[in-house]
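**Q** Before anything else, here's the structure in question.
Residue numbers (this note's numbering): 5 to 249.
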């Protein structure tokens with residue numbers, strides 16, 4: 005429990021310090037965020053997506069109530085996650101364009117903010133709940149999991165701060181930090197059905213990919229192809245070496 009509590013505290017700290025990192029304007033900023041995005045993509049593709057095939061047996065009894073004649077429910081849920089997060093990104097882009105015309109500020113509106121907070125809060129709850137469960141193989145080794153998630157939070161927080169600067173500083177980061185704490189407490193003292201947790205992990209695997217790749221594909225000088233490649237390939241090789249060991 006001590007290890008998982010420290011891990012959750014690290015992730016909470018990333019959210020709470022997000023506003024300070026936004027002031028970082030040095031030349032290393034694009035490299036850092038691109039490396040972070042690369043590490044996150046490598047973790048999802050090499051750790052979470054393969055876990056979907058293993059968890060399909062867990063998901064199947066619940067999923068077949070809705071799709072009784074289909075297989076690969078975990079992968080289908082990942083596709084649903086991609087669609088939902090893409091729709092959220094599109095909602096944000098349209099809202100920002102409307103706000104520029106109506107109010108002269110390049111920020112998304114409260115409706116888009118609420119949608120983003122709901123999605124990220126459920127994601128954070130799932131992450132912290134998984135960390136509190138010592139039997140969950142998808143978060144082991146825990147150090148690699150926390151590193152990948154912390155770097156993803158840097159990328160996600162940059163996006164959230166860009167889209168909702170005032171609301172995210174005042175409210176959003178505290179909501180997301182609270183979701184982590186609640187998820188950890190819930191996981192420490194209660195137990196969700198394994199099928200429900202597997203459904204959430206599958207859904208958010210797709211969402212993570214959309215968030216990271218959407219950030220890296222945005223035009224502008226704040227992206228670094230070599231940094232993304234370094235993060236993705238370096239972290240991917242590390243995961244392969246650990247599997248060999």
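Note that beta-carbon positions come from the ideal geometry of N, C-alpha and C, so glycine has one too. As the structure is a prediction and not an experimental result, all values here were calculated from the model.
With a CB to CB cut of under 6 Å and the five nearest residues on each side skipped, what residues in its chain are close to residue 206?
**A** Excluding sequence neighbours, residue 206 sits near 56, 78, 81 and 82.
**Q** Note down the Cα distance separating residue 52 from residue 169, rounded to an integer number of angstroms.
**A** Computed Cα separation, rounded: 31 Å.
**Q** For the segment 104 to 123 and the segment 229 to 236, state whether three or more C-beta atom pairs, one from each stretch, are separated by less than 8 Å.
**A** As far as the Cβ criterion goes, the segment 104 to 123 does not touch the segment 229 to 236, which means the pair count is below three.
**Q** Are the beta-carbon atoms of residue 155 and residue 40 separated by less than 8 Å?
**A** Yes, the Cβ-Cβ distance between residue 155 and residue 40 is below 8 Å.
**Q** Would you mind reading off the limits of the alpha helix (DSSP H) that contains residue 5?
**A** Unbroken run through residue 5: none, as it is neither H nor E.
**Q** Residues in its own chain within less than 8 Å of residue 185 by CB, not counting five upstream and five downstream?
**A** Closer than 8 Å at Cβ, skipping near neighbours: 12, 16 and 132.
**Q** From residue 171 to residue 179, what does the alpha carbon distance come to, in whole angstroms?
**A** If I take the Cα positions, the gap works out to 11 Å.
**Q** When we look at the beta-carbon of residue 85 and count the other beta-carbons within 10 Å, is it buried (16 or more) or exposed?
**A** Residue 85 is buried by the Cβ-count criterion.
**Q** Could you name each continuous alpha helix (DSSP H) segment of 4 residues or more that falls completely within the segment 211 to 240, going from the start of the chain to the end?
**A** Complete alpha helix (DSSP H) runs here, min 4: none at all.
**Q** Go ahead and label residue 228 buried or exposed: buried means 16 or more other beta carbons lie within 10 angstroms of its beta carbon, across all protein chains shown.
**A** With 16 or more Cβ atoms within 10 Å of its Cβ, residue 228 is classed as buried.
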